[in-house]
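J.: So the sequence lines, in the order shown, correspond to chains A and R.
Okay, so the first sequence: first residue is 2 according to the numbering used here, each after it adds one.
Okay, so the second sequence: first residue is 33 according to the numbering used here, each after it adds one.
Virtual Cβ for every residue (Gly too), placed ideally from N, Cα, C.
Please read these numbers as outputs of a predicted model, since none were measured by experiment.
Please find one structure pasted underneath; my questions will follow.
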Amino acid sequence: MNKLYTTLFCLFLLRLFAVTTAEISAAEPQTNILTSHKDAVRLNYWQIAVDVYSKDSLPALPDSLWQLFNPALDDYRYTEGNWLIKTGISIPDTLNPKVVYGLFPVNLVTAYEIYWDGVKTGQTGVIGNNIESEKPGDFNYHLPLAQELLTPGKHTIVIRLSDYNNIPSWKWYYGDVLLGRYDVLMNKISRLYYQAFFVTGILLIPFLFNLFLYFARKRKMEHLLFGLICFVVILDSLTMLLPMLIEMRNTYIYLQYYSYNVITFLFTVLFPAFFIYLFSFDKKIIWVIAAITLILFFFFTDIGNLFNVMALTVLIFSSIITMVALYKRREESVVISAGIIAAWGGYYFDFAFAGLATTMVICTSFSIARQFARKERTEKEAQLKSARLENELLKKNINPHFVLNTLTSIIAWLRKDTPSAVRLIEALADEFRMVNQISSLKQIPLKQELELCRAHLKIMSYRKGADYKLETTDIDEESTIPPMILHTLVENGLTHGYENKTAGTFVIRQKNNPGSVQYIISNDGEFNPEDSKGSTGFGSRYIMGRLEESYPGKWKFISNKTPGGWESVIEIRRS
Amino acid sequence: MRILIVEDERPTAEDIKLLTEQILKNEVTSIHIETTLESAKFYLKEKPVDVLLLDLNLNARDGFDLLKSAVSGSFHTIVISANISRAIEAFEYGVLDFIPKPYNIERLKAAFRRLKSSHALDGYAVKYLSVKTGFEIRIIPIEDIRYFKADNIYTELHLSDGRVVIHDKSIKQLIPLLPANYFRIHKSYLVDTGKIETIQTLGGGKNNVILKSGETLPVSRKIIGRLKASLDLQKDRSGRNI
């Protein structure tokens, strides 16, 4: 984020430059002043003259040829050509002889020579009169000044420059020149670079982490967006750091400018988009924001106000989204609001992007960490719940009472009718085998569920000395449902509706509606009026637990006494 | 002997009937099956029985309410159930025996033998007696009973607060349910030996016991020897304990 500070640093200067030149264009030429207790001064009050290209030394031009420089006048004139620019510097007192001073051109293109009191003291690149003859200068060009040049009194600085190799949208006069203590200015520059390295290093971790999370966690967009935000800020830092890492011509300035534009735009769109996802708002809003940002970007920004306008835009969008989130009491909206407030503070201190990026990375990391903790908790709860459902499933069918009563019945049948006893044992084995197969599954084919119901009805027919049947209509046997929910309904019906009946029919129907599927389970049992509460009790709890596990929020379960018995309806909505 | 089997699985009920008939042979005068709680209650109201064979878990409903009213009746209750978790509680309320499922003929035989036993099995004795008072069932802890007095085919329970309530079972029927320290001192009297203060010897081989609560009850001649021995034994025990 502090890399953006660098950008700001440069463009901040530009902005002042524009303002001050506008101010002085009407006034008398003034001069810059460097005193012994000043670290640095930005050179203003430039005059300009068109230069005639030659390899000769500096021509002595009459004052009448110089005019006050005002970039607001004729943009096109400064895209390509040779110029001389000049300003005065006044040193009222004796400077400390132990301190080295230097000239620091910033963003000045393409090739130039520096003359101090008419004597050529420095040069970067080679001045030319076309793209071939001109050689661009160094990106990191600084000129230490010899002690004897800085005597008290008035001095003239002339810069002779040519600009052919640069790309036209960047004008040389966007550049700036600082005069000051060499050590202090060098320190400032290296500090900016260190900060940029620091930021890159720090953001690399959340970037990689969120990228990994995006792929690991079912492609959750907020992780991708947050990773991208980090990546954009890293790109910004790298844009600044590149000339520091490798030798760069100062034509890189254009690339840098272009890159900052894109990055600023991305940043302005990505942050609100991230909030939209974080707070689960309508994703279409992102397109509206992107469109507004694009319009602002192309029609309402220029080199001087780009950062300001974009910083305001991103702050306003983010604030609105966060306020709505706060109003709707979305998770994490409080933490993010704190970050937004801090970001406004940063904006006030001309620190908008850096401030926003910093506070946002902190707040969102915090909130993502919290979300994680929460998610882990709910996942654990869900796991526990699944385990409990599985346990209930097993308990329902392999519960000791069921087994002991069935064994008792088997013994009774053995004494009376051995083949029946064998068939009962087989039905019991069938049911157990199926329960064993499905106990750990969350979904089973309907076919298997129906077999399970049939096996159970067979067992109970032998046990009760009755005849219970299962009929099905319109069943799609390949569709799947959570295990043992129909079985539970059959079992419940059998337990409560057939005390006095020795025959019973259970009917399971499937009804496919446009947006949902219904399973209707009915029977012809006799139920007491007080049994009509229906949807409480262990069986219903199991069914509802299973439905919620498989179709969260998309199911309905109705269970009611009917004139001829009992009917339960399970409805599952598709998506 | 008139027997009612209450069991919601008819094949099992019929099996129990078969085994019961094998055990009791011609002692059985009638044997009947009911498969629901309601029909069982109805049957009990209408027809006298001597032994009720009861499954506690009928169609997933708690048979304990039926049990509490059944044990207040003039017949004995034997529970046959897979749900043994409430066996102790069933004994405390006065069931004669509790047969876990799956049962077998030996276990059933043992249960019927207990009909003639002189006291409950160690640790399985009744703790409460259910008494019908009007339409409700009153539960009386047995330590609140000073003594039992025969009243025709019923038994008077003389309570520590001075009241007397009637239990539908005869003294003979109560004996197999009560712990070993309950002693039938007379054809008409049954007391907890722990509640006897002293034995009063009258002339002519007649004896009385004086209870700690003050009552004087007659002791039958045939019993006095065993009663004294049993009291001595208790004294010994308590002496050793001290």
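Please list the residues of the segment 378–408 of chain A that have a C-beta atom closer than 8 Å to any C-beta atom in chain R, keeping them in chain order.
T.: Here the close residues are P401, H402, L405, N406 and L408.
J.: Determine whether the Cβ of N513 (chain A) lies closer than 8 Å to any Cβ atom of chain R.
T.: No, because no Cβ of chain R sits closer than 8 Å to the Cβ of N513 (chain A).
J.: Please classify Y253 (chain A): does DSSP put it in a helix, a strand, or coil?
T.: Note: Y253 (chain A) maps to helix in three-state DSSP.
J.: Helix, strand or coil: how does DSSP classify V163 (chain R) here?
T.: Of the three classes helix, strand and coil, the one that applies to V163 (chain R) here is strand, per DSSP.
J.: From the beta carbon of E41 (chain R), is the nearest beta carbon of chain C less than 8 Å away?
T.: The structure shown contains no chain C; the protein chains it does contain are A and R.
J.: Rank A:E568, A:E550, A:S441 and A:E427 by C-alpha distance to the C-alpha of N493 (chain A) and give the top, closest one.
T.: Nearest option by C-alpha distance: A:E568.
J.: Strictly under 8 Å for the Cβ-Cβ distance: is L85 (chain R) near chain A by that measure?
T.: Output row for L85 (chain R): interface = no.
J.: Does the Cβ of Q68 (chain A) have 16 or more other Cβ atoms within 10 Å, making it buried, or fewer, making it exposed?
T.: Exposed, by the Cβ-count rule.
J.: Ignoring anything shorter than 4 residues or poking outside the segment 373–442 of chain A, list the alpha helix (DSSP H) runs there in chain order.
T.: DSSP runs (the alpha helix (DSSP H)) wholly in the segment 373–442 of chain A: 401–417 and 419–439.
J.: Going by beta carbon distance, what residues of the same chain come within less than 7 Å of A233 (chain A), once the five residues before and after it are set aside?
T.: Per the sequence presented here, residue 233 (chain A) reads as Val, with Ala not at that position. Closer than 7 Å at Cβ, skipping near neighbours: I264, L267, F268 and L271.
J.: Using the three-state DSSP reduction, which class does Y142 (chain A) fall into: helix, strand or coil?
T.: Looking at Y142 (chain A) - three-state DSSP - the assignment turns out to be coil, as it is neither helix nor strand.
J.: Between R:D129, R:S262 and R:L85, which lies nearest to E66 (chain R) when the distance is taken from Cα to Cα?
T.: Of the candidates R:D129, R:S262 and R:L85, the one whose C-alpha sits nearest the C-alpha of E66 (chain R) is R:L85.
J.: Listing by chain order, which chain A residues have their CB less than 7 Å from the CB of T68 (chain R)?
T.: Going along chain A in sequence order, the residues near T68 (chain R) (Cβ under 7 Å) are E500 and N501.
J.: With a threshold of 8 Å between beta-carbons, can K133 (chain R) be considered close to chain A, or not?
T.: For K133 (chain R), the answer is yes, since a Cβ of chain A falls inside 8 Å of its Cβ.
J.: Identify the continuous beta strand (DSSP E) that holds H488 (chain A) and give its terminal residues.
T.: Element bounds for H488 (chain A): not the beta strand (DSSP E) but the alpha helix (DSSP H), I486 to G498.
J.: Under 7 Å between beta-carbons, which chain A residues line up against A122 (chain R)? List them in chain order, please.
T.: Those within 7 Å of A122 (chain R) in chain A number zero; the least Cβ separation is about 16 Å.
J.: Got a sec? Which residues, its chain only, sit under 8 Å from F62 (chain A) by beta carbon, not counting five neighbours each side?
T.: This sequence places Leu at residue 62 (chain A); Phe is not what is there. Counting only Cβ-Cβ distances below 8 Å, and skipping sequence neighbours, we find A50 and L85.
J.: Does Y463 (chain A) come out as helix, strand or coil in the three-state DSSP assignment?
T.: Note: Y463 (chain A) maps to helix in three-state DSSP.
J.: Checking the sheet assignment: what are the DSSP bridge partners for Y116 (chain A)?
T.: BP columns for Y116 (chain A) point to A:K121 and A:V159.
J.: Determine the DSSP secondary structure at E479 (chain A), reduced to helix, strand or coil.
T.: Residue state, collapsed to three classes: coil.
J.: Would I207 (chain R) be called buried (16 or more neighbouring beta carbons within 10 Å of its own) or exposed?
T.: Buried.
J.: Answer with buried or exposed for G237 (chain R), where buried requires no fewer than 16 other C-beta atoms within 10 angstroms of its C-beta.
T.: It counts as exposed.
J.: Would a check of beta-carbon distances place W578 (chain A) closer than 8 Å to chain R?
T.: Since the first and last residues shown for chain A are 2 and 576, residue 578 (chain A) lies out of range.
J.: Please confirm if T225 (chain R) has its CB atom under 8 Å from at least one CB of chain A.
T.: T225 (chain R) does not count as touching chain A.
J.: Straight-line CA distance for G105 (chain R) to R547 (chain A)?
T.: Each residue's Cα considered, the two are about 46 Å apart.
J.: Does the CB of T44 (chain R) have a neighbour CB from chain A at under 8 Å?
T.: Cβ-Cβ to chain A under 8 Å: yes for T44 (chain R).
J.: Tell me, please, whether the CB atom of T496 (chain A) is closer than 8 Å to any CB atom in chain R?
T.: Cβ-Cβ to chain R under 8 Å: yes for T496 (chain A).
J.: Can you pull the chain A residues whose beta carbon is under 9 Å from the beta carbon of L50 (chain R), in chain order?
T.: What L50 (chain R) touches in chain A: A413, R416 and K417.
J.: If F367 (chain A) sits next to V336 (chain A), beta carbons under 8 Å apart, how far is it from one beta carbon to the other, in whole angstroms?
T.: Indeed they touch by this definition, with Cβ atoms about 6 Å apart.
J.: Counting only C-beta atoms, is D129 (chain R) closer than 8 Å to chain A at any point?
T.: Closer than 8 Å: no.
J.: Leaving out the 5 sequence neighbours to the left and right, which residues in its chain are closer than 6 Å to F105 (chain A) when beta-carbon positions are compared?
T.: Answer for F105 (chain A): H143, L179 and L186, listed in chain order.
J.: Identify the contact partners of G228 (chain A) in chain R, using a Cβ-Cβ distance below 9 Å as the criterion.
T.: Correct list: empty, because the minimum Cβ distance to chain R is about 57 Å.
J.: So, is the C-beta of D47 (chain R) closer than 8 Å to a C-beta in chain A?
T.: Closer than 8 Å to some Cβ of chain A, the Cβ of D47 (chain R) qualifies, so yes.
J.: Using a C-beta cutoff of 8 Å, does A92 (chain R) count as contacting chain A?
T.: So yes, A92 (chain R) belongs to the interface.
J.: Tell me the rounded alpha-carbon separation between Y261 (chain A) and G181 (chain A).
T.: So the two alpha carbons sit approximately 27 Å from each other.
J.: For I290 (chain A), tell me which candidate among A:G126, A:A197, A:I321 and A:F308 has the shortest Cα-Cα distance.
T.: Looking at the Cα atoms, A:I321 is the closest of the given residues.
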